[in-house]
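Here is the structure we will look at.
Numbering (the working numbering), first residue to last: 7 to 358.
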């Protein structure tokens, strides 16, 4: 375990040096990616430093046992430090569980009204406020991509882009049907109604996800035609790329040189393949959306928010908290951490 922690610390320091490199600082995309990885390792490195201090103090206390005057105090110290060591080792084991590569991704976050009419749309608005406050507490950035307002308040559908550190890793458990039980504003008899909203969290596809191998490319050069004078007609400056696995074709005759046309054509090919992958991804999102949220019916739920009892229950891990008033204001950390612990326990079972 120590060897693994030392490797992580070395990589952390390497990333720290890269963040001070002017070449990386001037490349916004590269800097953002490096900083994201750096911030993602900070927690485990800080824990490692604390753990290392515990081991050092433990060694000092054991040396003190040889001194009769210090023996009793050293024994007490050792007892406390050994308990801290054992506790920290369990914590580090969990932190060293391999992450899903997609955990670091930004997400497309969607909330839709399910069954329950106007009350369901109002509930979407409440969930949006709850998640928005949680996003702010994490220092994440949000952008509203699409918002359809409900006829009596709230929203029938909301789609956001959320970006930051470990966004998908923390939010991936939120996909599913969320059920609310309360007296609606429109209810004159004071009766408790049940309605639902569905949440979908999908990792966002980025341009750098496009992987094109040189061996998969066929390159043709040809003479350009049309306006441009003698140079265009007499030299083979036109370039055409064919991506053999997908059949995508992109060419350029825009530049005066073959080198420039190669650059333009390859960018066009990347864009074509990216758009094709994105379309396939969005189709997959739609399919996964249906599987993640089920029908959006009240009975098909992952979590219940019960206002009369100030109760929130996550049905997947049988967790019940009587603090709905705080949770609906964005204090969802306890629920997300419990879900993460449950997933880690499953992963550790699989490794054993």
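Backbone N, C-alpha and C define an ideal beta-carbon position, used for all residues, glycine too.
- Residue 208 holds the alpha-carbon nearest to the alpha-carbon of residue 177 among 272, 208, 149 and 150.
- Around the beta carbon of residue 112, 16 or more other beta carbons sit within 10 angstroms, so the residue counts as buried.
- Exposure of residue 142 is indicated by the presence of fewer than 16 other C-beta atoms within 10 angstroms of its C-beta.
- Membership of residue 39 in the alpha helix (DSSP H) is indicated by the continuous run 34-70.
- Residue 347 sits in a helix when the DSSP states are folded into three classes.
- Distance from the CA of residue 126 to the CA of residue 201, rounded to the nearest whole angstrom, comes to 5 Å.
- DSSP places residue 267 in the helix class (H, G or I) of the three-state scheme.
- At least 9 Å separates the beta-carbon of residue 205 from that of residue 198.
- Beta bridge pairing from DSSP links residue 219 with no other residue.
- Nearest neighbour of residue 7 by Cα position, chosen from 25, 17, 54 and 35, turns out to be 54.
- The C-alpha of residue 325 lies about 19 Å from the C-alpha of residue 335.
- Beta-carbon to beta-carbon, residue 345 and residue 284 are separated by about 29 Å, too far to satisfy the 8 Å threshold.
- One Cα belongs to residue 56, the other to residue 85, and the distance between them is close to 17 Å.
- For residue 100, the enclosing alpha helix (DSSP H) has its first and last residue at 77-101.
- Its chain contains 127, 128, 130 and 131 as the residues whose beta carbon lies nearer than 6 Å to that of residue 160, once the 5 sequence neighbours on both sides are disregarded; these appear in chain order.
- The DSSP-derived three-state label of residue 155 is strand.
- In the three-state DSSP reduction, residue 7 falls in the coil class, being neither helix nor strand.
- The C-alpha of residue 89 is placed about 44 Å away from the C-alpha of residue 117.
- Excluding five sequence positions before and after residue 61, the CB atoms of its chain that fall closer than 8 Å to its own CB belong to 91, given in chain order.
- DSSP places residue 285 within a helical segment (H, G or I) once states are collapsed to three.
- Residue 272 and residue 254 do not touch by the CB rule: their CB atoms are close to 12 Å apart, not below 8 Å.
- Apart from the 5 residues on each side of it in sequence, residue 70 sits with its Cβ closer than 7 Å to the Cβ of 76 and 80 in its chain, given in chain order.
- Comparing alpha carbon positions, the residue from 50, 246 and 21 closest to residue 94 is 50.
- Residue 178: not part of any beta strand (DSSP E); DSSP gives it neither H nor E.
- A check of alpha carbon separations from residue 329 across 341, 40 and 41 identifies 341 as the nearest.
- According to DSSP, residue 315 shares a beta bridge with no other residue.
- When only Cα atoms are considered, residue 265 and residue 244 end up about 10 Å apart.
- Just so you know, the alpha carbons of residue 309 and residue 101 end up roughly 26 Å apart.
- In this structure residue 25 does not touch residue 63 by the C-beta definition: roughly 31 Å separates them, more than the 8 Å allowed.
- In its chain, beyond the 5 residues on either side, 222 have a beta carbon closer than 6 Å to the beta carbon of residue 251.
- Burial of residue 133 is indicated by the presence of at least 16 other C-beta atoms within 10 angstroms of its C-beta.
- Under the three-state reduction of DSSP, residue 244 is assigned to strand.
- Counting only residues of its own chain and dropping the five nearest sequence neighbours on each side, residue 138 has no CB closer than 6 Å to any other CB.
- In the DSSP assignment, residue 118 falls within the beta strand (DSSP E) that extends over 113-119.
- In the DSSP annotation of this structure, the continuous segment of the alpha helix (DSSP H) that includes residue 127 starts and ends at 123-144.
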